[in-house]
Structures are given as C-alpha cells and as structure tokens.
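Sequential numbering from 1 applies to the sequence shown in our numbering.
Heads up, the beta-carbon is just placed ideally off N, CA and C, and yes, glycines get one too.
Since the structure comes first, as structure tokens, the remarks are kept for the end.
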Amino acid sequence: MRLVLLGGPGSGKGTQADRLSARFGVPKISTGDALRAAVAAGTALGERARAVMDAGGLVADELVIGIIRERLADSDAQTGYVLDGFPRNANQALALDEMLSVADTPGLDHVLYLRVSDDDILRRLLARAAVEGRSDDREDVIRTRVRRFNADVKPLLDYYRREGKLRPLDGAGKPDAVFQHILQTLI
Ligand code: AP5
Numbered sequence: 001m002r003l004v005l006l007g008g009p010g011s012g013k014g015t016q017a018d019r020l021s022a023r024f025g026v027p028k029i030s031t032g033d034a035l036r037a038a039v040a041a042g043t044a045l046g047e048r049a050r051a052v053m054d055a056g057g058l059v060a061d062e063l064v065i066g067i068i069r070e071r072l073a074d075s076d077a078q079t080g081y082v083l084d085g086f087p088r089n090a091n092q093a094l095a096l097d098e099m100l101s102v103a104d105t106p107g108l109d110h111v112l113y114l115r116v117s118d119d120d121i122l123r124r125l126l127a128r129a130a131v132e133g134r135s136d137d138r139e140d141v142i143r144t145r146v147r148r149f150n151a152d153v154k155p156l157l158d159y160y161r162r163e164g165k166l167r168p169l170d171g172a173g174k175p176d177a178v179f180q181h182i183l184q185t186l187i
C-alpha cells in the first residue's frame, strides 16, 4: 500500500499514519519527524530547518525532497509506505512522481485528505502544547502554519484530483472513527 496523508497542521496525519503503518505493515515516513530529529541532533540539515519550523514556514523543497528520496530507497519502503506531511505543495508532488517513475516503482495508490476546521486545529494543537511543548505549537505559529497550509493546498488537491487519487475525508471525529472511515475508503 502506497499512501499519502494530506491535511492541515493537527489534522491527524501522524495519528492516522501510525495506525495505517501498523495495519498494512509498511513504514510511516514523516518529513516533520525527520526534520525534528535533525534539529534535535544538531545536524546541518537541522540547523537550516530550525528557524523556519519555529516560525511556522515551510523548509526548502530541495531539503525535504532529499529526505524523501533517501528514505524511499530503503529496503523497508519497497513494498509500500505511508507518507505523512509530504508532499506539501505542487512542486513536491511533481518531484515525488518523478522519483517514483525514475526508480521504476509503482505509483501512489491513494492520497487521503483529512479535512478539519481551523478552530478544531487550534484547539487540538493548543491542547498538545500544554502536554508536549512542541516549539511550533504556539498560538501565533499555529495560525501561521494554518495560513501556509490553506495557501498551498489547492494546487495539490487539484493535482491529485486530476490523477484520480484524491480521497477527501472528514477528519473531525474521534481517532478510531476516522481510522475506520479511512479503511472503508481504501476498500
Ligand atoms: P509536521 O510535523 O508535518 O507538522 P504539521 O503538518 O503541522 O502537523 P502536526 O504534526 O502538527 O499534526 P498532524 O496532522 O500530524 O496531527 P497529529 O496526528 O500529530 O511538520 C512540522 C514542520 O516541519 C512544518 O511546519 C514545516 O516547517 C516542516 N515540514 C514538514 N514537512 C515539510 C514539507 N514536506 N515541506 C516543507 N516543510 C516541511 O495530531 C495533532 C494533535 O491532535 C495530537 O495531540 C493528537 O493526539 C490530536 N489528534 C489527532 N487526531 C485527533 C482526532 N481525530 N480528534 C482529536 N484529537 C486528535
């Protein structure tokens, strides 16, 4: 199973990607997790990404495309994967398709789009901030992330709709209910 999870900040991409990864026995590949690990490890990539992430912007396409290119070449990704947070704009979507075609591997099966209102996103991420203290879960930064997402998402949705792969879903229910809904969509 080769899946992409699209959705705004806090829409549940990571939560559902974990479940899909366990259900289908394929790795979850998250650019956000990879970037946070690079920041924590103080690598050159992390140093380049830190300020952008803390401000709620998007890290340069060339960096995240490089992360994905390397990760998709790993042996555990050869039979499938769940991409969480990539692609995030039309340029990244084109780069992904090109990567898959050059490697002569099958294309994506489905692109799941978790729709959640901006108010719910803010509520969820402020609740997470109180528990986890992620550096980009401050209210002003959350609002910037939401604006960024809303500005970039339409061309991405149009791209996958044209390819017949887009599966929009209501992401507002409880995590288990959203997961059941996703499974029904994949049948
Ligand atoms: P990333 O880590 O991808 O952050 P994000 O898109 O803002 O998403 P989140 O991780 O906040 O939320 P999520 O949708 O995964 O939801 P989650 O399941 O965690 O990226 C971080 C940064 O890295 C970006 O801002 C950017 O700077 C950079 N970056 C990453 N990818 C990039 C790319 N491709 N290009 C350029 N830059 C990139 O859930 C959120 C919370 O809600 C949790 O507390 C969870 O428990 C709760 N929750 C989940 N589901 C539900 C539910 N159904 N009901 C109630 N609560 C729920």
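{"Item": "Examine the ligand AP5 and report whether any of its heavy atoms sits within less than 7 Å of the Cβ of Arg147.", "Value": "no"}
{"Item": "From the DSSP secondary-structure annotation, give me the bridge partner or partners of Val190.", "Value": "This structure leaves residue 190 out entirely; the chain is present only between 1 and 187."}
{"Item": "I'd like to know whether the C-beta atoms of Val178 and Gln16 end up nearer to each other than 8 Å.", "Value": "yes"}
{"Item": "Would you check if the segment 30-38 and the segment 61-68 touch, i.e. whether three or more CB-CB distances between them fall below 8 Å?", "Value": "yes"}
{"Item": "Please work out which residues of its chain come closer than 8 Å, Cβ to Cβ, to His181, disregarding the five sequence neighbours upstream and downstream, and give them in chain order.", "Value": "Leu169, Asp170 and Gly173"}
{"Item": "Tell me, which residues are paired with Ile29 by DSSP?", "Value": "Leu83"}
{"Item": "Out of curiosity, what's the CA-to-CA distance linking Pro106 and Leu83?", "Value": "15 Å"}
{"Item": "Do Val59 and Ala73 have their beta-carbon atoms positioned less than 8 Å apart in this structure?", "Value": "no"}
{"Item": "Report yes or no: do three or more beta-carbon pairs, one from the segment 86-95 and one from the segment 113-123, lie closer than 8 Å?", "Value": "no"}
{"Item": "Check Ile192 in the structure and name its three-state DSSP category.", "Value": "Past the boundaries of the shown model lies residue 192; the chain is included only from 1 to 187, so the question cannot be answered."}
{"Item": "Can you check which of these residues, Asp104, Tyr81 and Leu108, is closest to Tyr200 by C-alpha distance?", "Value": "With the chain running from 1 to 187 in the structure shown, residue 200 is simply not present."}
{"Item": "Out of curiosity, what's the CA-to-CA distance linking Lys13 and Asp120?", "Value": "14 Å"}
{"Item": "Once DSSP output is grouped into helix, strand and coil, what is the label at Arg88?", "Value": "coil"}
{"Item": "Can you tell me whether DSSP reads Gly56 as helix, strand or coil?", "Value": "coil"}
{"Item": "Please tell me whether Met53 and Val39 are closer than 8 Å, where the distance is taken between their beta carbons.", "Value": "yes"}
{"Item": "Would you mind stating whether Gly85 and Phe24 have Cβ atoms separated by less than 8 Å?", "Value": "no"}
{"Item": "Can you tell me the Cα-Cα spacing of Ala127 and Val26, whole angstroms?", "Value": "29 Å"}
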